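Asker:
Protein chains: 2
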Amino acid sequence: MNLELSQTEENYLKAIFTLSLTASKAVSTNAIAEKLETKASSVTDMVKKLADKKLVDYKKYQGVSLTENGKGIAVRVIRKHRLWEVFLVKHLDFSWDEVHEIAEQLEHVKSIKLTKELDRFLEYPTHDPHGDPIPDENGNIAHHTDVMLSSLQAGSNCVVLGVKDSSKSFLKYLDGLGIKLGSSIKIINIEVFDNSMKIELGDRIMSISHQITKNLFVKKELEC
Amino acid sequence: MNLELSQTEENYLKAIFTLSLTASKAVSTNAIAEKLETKASSVTDMVKKLADKKLVDYKKYQGVSLTENGKGIAVRVIRKHRLWEVFLVKHLDFSWDEVHEIAEQLEHVKSIKLTKELDRFLEYPTHDPHGDPIPDENGNIAHHTDVMLSSLQAGSNCVVLGVKDSSKSFLKYLDGLGIKLGSSIKIINIEVFDNSMKIELGDRIMSISHQITKNLFVKKELEC
DNA sequence: ACATATTTTTAGACTTATCTAAAAATATGT
DNA sequence: ACATATTTTTAGATAAGTCTAAAAATATGT
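Those sequence lines, one after another, are chains V and B.
At position 43 of the first sequence (counting the first as 1) the number is 43 in our numbering, and the numbers step up by one without a gap.
The number in our numbering is simply the position in the second sequence, starting from 1, with 224 added.
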């Protein structure tokens, strides 16, 4: 049995990890298949293989969950993905909607020293360009302490910390509105019939839909 | 037929390219097998596939050579390999004997913008950490105008520009002697019986074997 | 509770890249 | 030039990852 994991195996572990975050219990075969754009039968095969390697717990028809070992590997791949995203945006002039596909390739490069040195070079960033936390060397992830913009009341002040939906189209839409990480937003009022918000961003007033406010992580400013 | 090349296919093209530089005519199946540490039968299979894709010219039993197209791809992979090596040494504190394996992985990452931006970030380097020239965006490679240290006469002054053998062991040996790219060397004399050289390096005098002098590219200083 | 729908697994096939062993072609030595 | 050695190709097998189609298990609705 090969100890070195293939890119495919790493991608399955990553998918199971992210699905585990929202699913309370075991992750279903179909959910993995959809996420990885493959067929359920392929997932069954791979899941058996990962179970043989003690990276997931699996009982037929009951879904899968990561073992400690499998989780560790998934998190380390995510760490690499997010570090490379920071590099691409900070040093290579990429925008936040362009980095995902490239980071998907870079995350599989194997070298512990490379990850360590990249982290140092980037000055130990804590979040990637989408506001997602970067796991530390031991695989610990900072808890999302932020809150959804949609959960705040009219009158609140907040700062944008991240996005829930990192799709290209959403990110480009935010660019168009001038919303980026660190932007300060004041909620002027909330429409009752569609939950859209009228907000103040810098010196501009604009209206953003519920769809948007549901996908923006913000930190509420304390009113002191 | 898949236009996107696999990493394996790229590695075959690269191997054929570098073998072509020393072999005057077509490259033999066995030479490729040895270089890639695989079997001749595997090479035959792959070469047929590359011929179908019009990346190599191949006639049974007569060896292979790259088409213009195949050469272009090989050179672009080499360009990426060498740019990444510069990044690793210049910004991530790697030494010249550590970068090859990692660059072997990074060279297959697909993104034209990535290569372009990396080149800009590195300030358009012309040579990698071993002194090998970096092909430009159009795939043109600067000719090796340098000469082998072993070809110079006693009394000559020269500057080290590159190494022919980039093996870890050779590079570490050079580190031990204090020889690096840019080092100035004066040849004091050459032993007749074994072609070893007594040289002056900085304020030290040392003797280096023919094996070493045959593997160091240098630029001869003009005596004016 | 039982028929139906959905999900998951199995069985068998395909592709890519590899291997071994044998056959075919080419090269070499005297 | 001809026997022998070497190189290269062919044929058939294997492993990883995928697929389709069918079977098995689980979930759902009335």
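We treat Cβ as the ideally placed atom computed from N, Cα and C, and that holds for glycine.
Since the structure is predicted, the reported quantities are computational estimates derived from the model, not experimental observations.
1. So, using beta-carbon positions, are B:T253 and B:A264 closer together than 7 Å?
2. So is B:G294 buried or exposed if we call it buried at 16+ other beta carbons inside 10 Å?
3. Along the chain, where does the alpha helix (DSSP H) containing B:I326 start, and where does it finish?
4. Give a yes or no on whether the C-beta atoms belonging to V:V86 and V:L122 are separated by under 7 Å.
5. Is there a C-beta anywhere in chain B that falls below 7 Å from the one on V:L92?
6. For the segment 340 to 372 of chain B, enumerate the residues whose C-beta is nearer than 7 Å to any C-beta of chain V, in chain order.
7. For B:A255 and B:E233, I'd like the C-alpha separation in whole angstroms.
8. In terms of residues, what are the limits of the beta strand (DSSP E) holding V:S65?
9. Do you know whose CA, among V:T38, V:K116, V:P129, V:S150, lies nearest V:N138's CA?
10. On the CB-based measure, 16 or more other CB atoms within 10 Å of its CB, does V:A154 come out buried or exposed?
11. Could you tell me how far apart the beta carbons of B:N413 and B:H434 are, in whole angstroms, since I believe they sit closer than 8 Å?
12. Could you compute how far the alpha carbon of V:L66 sits from the alpha carbon of V:L55?
13. Quick one: list the residues of chain V neighbouring B:K334, beta-carbon separation under 8 Å, in chain order.
14. Taking the DSSP output, what are the residues bridged to B:D281?
15. Rounded to whole angstroms, what's the CA-CA distance from B:S374 to B:V313? Just pull it up for me.
16. Over the uninterrupted beta strand (DSSP E) stretch that includes V:I32, give me the two end residues.
17. Within the segment 84 to 165 of chain V, note down every full beta strand (DSSP E) run reaching 3 residues or more, in order along the chain.
18. Measuring alpha carbon to alpha carbon, tell me which residue in B:S335, B:G386, B:K392, B:P357 is nearest B:E228.
19. Mapping DSSP to helix, strand and coil, what is B:I414?
20. Using beta-carbon positions only, say whether B:K404 and B:N381 come within less than 7 Å of one another.
21. Note down the Cα distance separating V:G131 from B:L440, rounded to an integer number of angstroms.
22. Tell me, please, whether the CB atom of V:I16 is closer than 7 Å to any CB atom in chain B?
23. I'd like to know whether the C-beta of B:L245 is nearer than 7 Å to at least one C-beta of chain V.
24. Distance, Cα to Cα, V:V47 vs V:G72?
Answerer: On the basis of the coordinates in this document:
1. Stepping through the second sequence from its first residue, residue 253 of chain B is reached at position 29. Stepping through the second sequence from its first residue, residue 264 of chain B is reached at position 40. Going by C-beta atoms, B:T253 is nearer than 7 Å to B:A264.
2. Position 70 of the second sequence holds residue 294 of chain B. B:G294 should be labelled buried.
3. Numbered from its first residue, the second sequence carries residue 326 of chain B at position 102. Run containing B:I326: 323 to 330, per the alpha helix (DSSP H) assignment.
4. For the purposes of this step, residue 86 of chain V is taken as the residue at position 86 of the first sequence. For the purposes of this step, residue 122 of chain V is taken as the residue at position 122 of the first sequence. For V:V86 and V:L122, yes; Cβs fall inside 7 Å.
5. Here the question's residue 92 of chain V lines up with position 92 in the first sequence. For V:L92, the closest Cβ of chain B is nearer than 7 Å.
6. If the cut-off is 7 Å between Cβ atoms, the segment 340 to 372 of chain B has E341, L342, F345 near chain V.
7. The sequence position of residue 255 of chain B within the second sequence is 31, counting from 1. The sequence position of residue 233 of chain B within the second sequence is 9, counting from 1. When the Cα atoms are used, B:A255 and B:E233 turn out to be separated by approximately 16 Å.
8. Taking the first residue of the first sequence as position 1, residue 65 of chain V is located at position 65. V:S65 -> beta strand (DSSP E) spans 64 to 66.
9. The count along the first sequence starts at 1 and reaches residue 138 of chain V at position 138. Of V:T38, V:K116, V:P129, V:S150, the residue nearest in Cα terms is V:K116.
10. Taking the first sequence and counting its residues from 1, the one referred to as residue 154 of chain V is at position 154. Looking at its Cβ environment, which holds fewer than 16 other Cβ atoms inside 10 Å, V:A154 is exposed.
11. Indexing the second sequence from 1 puts residue 413 of chain B at position 189. Indexing the second sequence from 1 puts residue 434 of chain B at position 210. Separation of the CB atoms of B:N413 and B:H434 is rounded to 14 Å, and the pair is thereby denied contact status at 8 Å.
12. By 1-based counting over the first sequence, the position of residue 66 of chain V is 66. By 1-based counting over the first sequence, the position of residue 55 of chain V is 55. Straight-line Cα distance between these residues: approximately 6 Å.
13. The residue labelled residue 334 of chain B in the question sits at position 110 within the second sequence. Q105, listed in chain order.
14. Looking up residue 281 of chain B in the second sequence gives position 57. Note: B:D281 is bridge-paired with B:S289 in the DSSP secondary-structure output.
15. As a working note, residue 374 of chain B is residue 150 in the second sequence. As a working note, residue 313 of chain B is residue 89 in the second sequence. Near 28 Å, if we compare the C-alpha coordinates of B:V313 and B:S374.
16. For the purposes of this step, residue 32 of chain V is identified with residue 32 of the first sequence, where counting begins at 1. No beta strand (DSSP E) contains V:I32, which is instead part of the alpha helix (DSSP H) from 29 to 35.
17. Correct list: 157 to 163.
18. By one-based count along the second sequence, residue 228 of chain B stands at place 4. Looking at the Cα atoms, B:S335 is the closest of the given residues.
19. As a first step, residue 414 of chain B is located in the second sequence; it is residue number 190 there, counting from the start. Three-state DSSP puts B:I414 in a strand.
20. As a working note, residue 404 of chain B is residue 180 in the second sequence. As a working note, residue 381 of chain B is residue 157 in the second sequence. If you check the CB distance, B:K404 and B:N381 do not come in under 7 Å.
21. Within the first sequence, numbered from 1, the residue matching residue 131 of chain V stands at position 131. Within the second sequence, numbered from 1, the residue matching residue 440 of chain B stands at position 216. Cα to Cα, V:G131 sits roughly 49 Å from B:L440.
22. Taking the first residue of the first sequence as position 1, residue 16 of chain V is located at position 16. Not an interface residue.
23. For this step, residue 245 of chain B is matched to residue 21 along the second sequence. For B:L245, no Cβ of chain V is located within less than 7 Å of the residue's own Cβ.
24. The count along the first sequence starts at 1 and reaches residue 47 of chain V at position 47. The count along the first sequence starts at 1 and reaches residue 72 of chain V at position 72. Whole-angstrom Cα-Cα distance: 17 Å.
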